[in-house]
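In this text, residue positions in the sequence shown follow this note's numbering: the first is 1, and each later residue adds one.
The C-beta atom is built at its ideal place from N, Cα and C for all residues, glycine as well.
Have a look at the structure below, then the notes.
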Amino acid sequence: MPEGPAWRQTCKTILHKLAGDDIVAYFGFLPSLEIYQNSLPEVSLHSNTHIRISSAMLKQITTEDELAFIVFHEISHSLLGHNSYETSSKDNFGLDIEREADQMAFRFMKSAGYNLSAPHHLIKRLGEYEFENTGLTVAELHPTLLKRQSLLQSYASEEPRLTSS
Ligand SMILES: [Zn+2]
Numbered sequence: 001m002p003e004g005p006a007w008r009q010t011c012k013t014i015l016h017k018l019a020g021d022d023i024v025a026y027f028g029f030l031p032s033l034e035i036y037q038n039s040l041p042e043v044s045l046h047s048n049t050h051i052r053i054s055s056a057m058l059k060q061i062t063t064e065d066e067l068a069f070i071v072f073h074e075i076s077h078s079l080l081g082h083n084s085y086e087t088s089s090k091d092n093f094g095l096d097i098e099r100e101a102d103q104m105a106f107r108f109m110k111s112a113g114y115n116l117s118a119p120h121h122l123i124k125r126l127g128e129y130e131f132e133n134t135g136l137t138v139a140e141l142h143p144t145l146l147k148r149q150s151l152l153q154s155y156a157s158e159e160p161r162l163t164s165s
């Protein structure tokens, strides 16, 4: 997804597709988003409401559906009360926490009418991302990613009618 003003509009579209007109009434807060320059693909949640997406992560995201999953996943951490965990990076959360956020984000994808294959495709691509000068992939450093990918794939395969519509 290109940097610049387009992604911000896309984020608004994503929030409205799920929440309708009143985003604050739906989530109980107004999510804010920011792109920052970083060569590592990272997403983090700050103060429960502020989602920071690195420029490298934005490059990995190819569709609105994939961006929707990223945004919904971070919002889910907030809604599920994961804020008490002393972390700002999704990769620092354990598998149980990530699975909870993935499950809620997946339900949001479904109710907003997004492609339910997008989450596992994106997670797979992120896992294959190779760190410069190391030859190490993200999945090698974060083994939980592969588990999340296969769970997301299984959720999607349980919803064949929705993905094909
Ligand atoms: Zn997470």
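Can you name, in chain order, every residue of its own chain whose Cβ lies under 6 Å from the Cβ of residue i, other than the five neighbours on each side?
| i | result |
| --- | --- |
| Trp7 | Met1 |
| Thr134 | none |
| Phe106 | Tyr155 |
| Glu159 | Leu116 |
| Ser76 | Ala101, Met104, Ala105 |
| His82 | Ile97 |
So is residue i buried or exposed if we call it buried at 16+ other beta carbons inside 10 Å?
| i | result |
| --- | --- |
| Glu98 | buried |
| Ser44 | buried |
| Gly78 | It is worth fixing the name first, because residue 78 is Ser in this sequence and not Gly. Buried, because 16 or more other Cβ atoms sit within 10 Å of the Cβ of Ser78. |
| Arg148 | buried |
| Pro119 | buried |
| Leu67 | buried |
So, for residue i: in the same chain, excluding its five sequence neighbours on each side, which residues have a beta-carbon less than 8 Å away from its beta-carbon?
| i | result |
| --- | --- |
| Lys59 | Met1, Pro41 |
| Ile23 | Leu15, His16, Leu30, Pro31 |
| Val71 | Cys11, Ile14, Leu15, Pro31, Leu33, Ile51 |
| Ser111 | Leu18 |
When the Cα atoms are used, what is the spatial distance from residue i to residue j?
| i | j | result |
| --- | --- | --- |
| Leu33 | Leu151 | 27 Å |
| Ser55 | Ser157 | 31 Å |
| Glu64 | Leu146 | 22 Å |
| Leu80 | Phe131 | 31 Å |
| Lys124 | Gly113 | 21 Å |
| Thr62 | Asn38 | 18 Å |
| Leu95 | Leu116 | 20 Å |
| Thr13 | Thr137 | 32 Å |
| His142 | Leu126 | 10 Å |
| Glu128 | Asp21 | 37 Å |
I'd like to know if residue i contacts chain C, where contact means its C-beta is closer than 9 Å to some C-beta of that chain.
| i | result |
| --- | --- |
| Ala112 | Although the question refers to chain C, the structure presented lacks it and comprises just one protein chain. |
Which same chain residues, not among the five before or five after residue i, have their C-beta less than 7 Å away from its C-beta?
| i | result |
| --- | --- |
| Ala19 | Tyr26, Phe27 |
| Phe69 | Ala105, Met109, Ala118, Pro119, Leu122 |
| Ile35 | Glu3, Trp7, Ile53, Ser55, Leu58 |
| Thr144 | Leu95, Glu98 |
Which residues mark the beginning and the end of the alpha helix (DSSP H) in which residue i is found?
| i | result |
| --- | --- |
| Ser55 | 55 to 60 |
| Leu45 | Run containing Leu45: none in the alpha helix (DSSP H); it sits in the beta strand (DSSP E), 43 to 46. |
| Pro2 | Element bounds for Pro2: n/a, residue is neither H nor E. |
Tell me the residue span of the beta strand (DSSP E) that contains residue i.
| i | result |
| --- | --- |
| Leu33 | 32 to 36 |
Length-filtered (4 minimum) alpha helix (DSSP H) runs lying within the stretch 67 to 151 | Listed in chain order, the complete alpha helix (DSSP H) runs (minimum 4 residues) inside the stretch 67 to 151 are 95 to 112, 118 to 128, 138 to 141.
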